[in-house]
Amino acid sequence: MNGTARIGFRVLLLVLLAVLLLAVLLLGLRYGSLELTVGEILRELTHPGDTVEYQILVNIRLPRVLLGALVGAGLAVSGAILQGVMRNVLAAPGIIGISAGGGLAGVVVLLAVPAWSPWLIPAAFLGALATALLVYVLAWRGGADPVRLILAGVAVSSMLGAISSAILLFNAEKVAGVLDFTIGSLSTRSWPQLELVWPYLVFGLLGAWLLAGRLNILALGDEVAAGLGLRVERTRLVLLAVAALLAAAAVSVVGLLGFVGLIAPHLVRLLVGGDHRFLIPGSALFGAALVAGCDTIGRLALDPSELPVGVIMSLLGPPFFLYLLRRSRREA
Amino acid sequence: MKLELRNVGAGYGSRTVLRDLSLELPEGQITTLIGANGSGKSTLLKAAARLLKPRTGGAYLDGRELRRWNTRQLARVLAVLPQLHRAPEEITVGELVAYGRFPHRGLLKGDSVRDREAVDEVLQLTRLEPLRRRAVATLSGGERQRVWIAMTLAQEPRVLFLDEPTTFLDVCCQFEVIELIERWNRTRGVTVLMVLHDLNLAARCSHCLVAMKDGEIRYRGTPRELLTPELLREIFELEAEIAVGSDGIPYCIPTGSCRREAERSGR
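As they're listed, the protein sequences go chains P and B.
Take the first sequence: its position 253, counted from the start at 1, is 253 in my numbering, and no numbers get skipped.
With the second sequence counted from 1, adding 1000 to any position gets you my numbering.
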């Protein structure tokens, strides 16, 4: 990489990523127990009817690919923001406690107080956001230094993880019902789940894109950024809030879906470079394609049964992680 | 533009570094802070560049206290290069220099014609044009430092702060950096305040030297006034001979530390 990426070239890459996303969405709509051609998909969408095809397409596959894409975009952009704010390419939504907080809230609602289980999504959403806020407050000492944020995030995550484990242990017989949530899955998700979270995700994605220029400056370091006239603490807080909102909304509907927040921004950075004005939309497109694509693979791989998208992602994740380690060692 | 410190006190946590310190920067001139490690040079520079909030007193630009300025407007006239900085991995020379235009841009607007002109101009002047598309991480230390200075120059400041801009560079790169700063000072009339450890380099390029010890300003004056064996002994605990070059610039040849001598005689 010697930074040859020019503006035109990077715009072209974004267009290609958008094409990739559309192709993945189309594949997700076409394949499954019932195979549909593109012509049939278009006909069913434009002429609503009471056919089986329509039911499968509009009430099962369409919301699922849309939700997968939105959630993937949200997690990827959240990761891209956090990697910039923390100035650390290994940062991901879990680092500010999103996974641990959302996970604990999910486990509590599903196992400890099953009567609350209809409130899973808001509970996980609030749990994730509250944990991110706690991490921020704990890290604050006249400013929220990235290193202290990471350390506070690790400490809080560890404690909340321990509580989750304890609850899981005491409810071992019911654990199967929670696996779906702790692995991350799009199975059975449809319009109601999509309706609950899309405003947060869309708002967060737009906000992230508008803040991209300021994230570029913040990534240069606190003192350099202050010298360039950026209000460092305020900008960092707003960016962290957007990252937390995106990840919390995603986690609340699909569960603890790992690795997309790490992989997507990193791969896109290799393609389009470190400028967040390109990195953020690129991560959104690629993260969306990745989750929607992995979910489709999971749906088809063991047909008629299903593998959760989290399993497919976690299979892809570690090899990539090792590749990352090798690469960073070479540069050091 | 006139920058002055009035009765500034500053420090970190429970440690007080500066007490009641006042300094007025001569407009359009290069002023260099000299002093031993821990004498408060960087703290003074940070307080003057609004990177560190003074506990008492304040820094004033054109008679207005820095914290009363809009941060973005201030960044259009005042630029600072901190001692430690690290570019994100994939960033290119052209991108980093263009970030210097950040305070001049509208919040949502892209580059204006003036922004592009300023960046081109700075890249020419710093001879970085051929490296424009290279990743900053792949450059040598001297080139990298030129890129960072170019970023602050793209800001088109009236007052420029540099904290040890030549540290870790070889002798030739040190001169390149200093000549760049001198040229910008001469052609644009920029007021410069910097910290340098190399006394001979400081004497060569500065109009005014400010000697610090224990968080106080002990002396200020031209290099010829300040570079004396007595001052070096007091400020640096250094034994040195002073000579004057054919161009009238004084230089010092350190011959030993008087810290060690004091220890020996004390024993």
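Don't be surprised by glycine CBs; every beta carbon is placed ideally from N, CA and C.
All values derive from a computational prediction rather than experimental measurement.
- For phenylalanine 1161 (chain B), the enclosing beta strand (DSSP E) begins and ends at 1159 to 1163.
- Below 8 Å, enough C-beta pairs join the region 1091 to 1101 of chain B and the region 1114 to 1132 of chain B to call them touching: three or more.
- As computed with DSSP, valine 1080 (chain B) is found in a beta bridge with B:Phe1161.
- Exclusion of the five residues before and after glutamine 1174 (chain B) leaves Thr1166, Asp1198, Leu1201 as the residues of its chain whose Cβ lies within less than 8 Å of its Cβ.
- With a cutoff of 9 Å on beta-carbon distance, alanine 1150 (chain B) and leucine 1193 (chain B) are scored as not near each other.
- Within chain B, no residue has its beta carbon less than 8 Å from that of glycine 79 (chain P); the closest one is some 15 Å off.
- Neighbours of arginine 1086 (chain B) across chain P, judged by C-beta separation under 7 Å: Gly221.
- In this structure, alanine 264 (chain P) sits near glycine 72 (chain P), with a CB-CB distance shorter than 9 Å.
- Isoleucine 1253 (chain B) sits exposed, since fewer than 16 C-beta atoms from the chains shown fall within 10 Å of its C-beta.
- Per the Cβ contact rule, the region 111 to 127 of chain P is not in contact with the region 53 to 64 of chain P (fewer than 3 Cβ pairs under 8 Å).
- Listed in chain order, the non-local C-beta contacts of leucine 1226 (chain B) below 7 Å within the same chain comprise Leu1209, Ala1211, Tyr1219, local neighbours out to five positions each way being set aside.
- A residue is called buried when at least 16 other Cβ atoms come within 10 angstroms of its Cβ; phenylalanine 1102 (chain B) meets this threshold and is buried.
- In this structure, the straight-line span from the alpha carbon of aspartate 1247 (chain B) to that of arginine 1224 (chain B) is close to 12 Å.
- Within the region 221 to 239 of chain P, the residues whose Cβ lies closer than 8 Å to some Cβ of chain B are Gly221, Glu223, Val224, Ala226, Gly227, Leu228, Gly229, Leu230, Arg231, listed in chain order.
- Counting only runs of at least 4 residues, the region 15 to 91 of chain P fully encloses the following alpha helix (DSSP H) elements, listed from N- to C-terminal order: 38 to 46, 62 to 85.
- Around the beta carbon of asparagine 1037 (chain B), a 10 Å sphere encloses fewer than 16 other beta carbons of the protein chains shown; the residue is thus reported as exposed.
- Chain-order list of chain B residues neighbouring isoleucine 217 (chain P): Tyr1099, Phe1102, by C-beta distance under 7 Å.
- Taking the Cα positions, arginine 1068 (chain B) is about 9 Å away from tyrosine 1060 (chain B).
- B:Leu1025 is the residue among B:Leu1180, B:Ala1137, B:Glu1182, B:Leu1025 whose C-alpha sits nearest the C-alpha of alanine 1049 (chain B).
- With at least 16 other beta carbons inside 10 angstroms of its own, methionine 313 (chain P) counts as buried.
- Assignment of aspartate 1020 (chain B) by DSSP, reduced to helix, strand and coil, places it in the strand class.
- Runs of the alpha helix (DSSP H) lying entirely within the region 196 to 271 of chain P and spanning at least 4 residues, in chain order: 212 to 218, 222 to 227, 232 to 254.
- Counting only unbroken stretches of 4 or more residues, the alpha helix (DSSP H) elements lying wholly within the region 1173 to 1246 of chain B are 1199 to 1205, 1223 to 1226, 1229 to 1236, in sequence order.
- Under the 10 Å beta carbon count, valine 291 (chain P) is surrounded by 16 or more other beta carbons and is classified as buried.
- In the pairwise beta carbon analysis, the region 199 to 213 of chain P is classified as touching the region 233 to 243 of chain P: at least three pairs are separated by under 8 Å.
- For glutamate 1004 (chain B), the enclosing beta strand (DSSP E) stretches over residues 1003 to 1012.
- Between isoleucine 183 (chain P) and glycine 255 (chain P) the beta-carbon gap is near 6 Å, inside 8 Å, which marks them as a contact.
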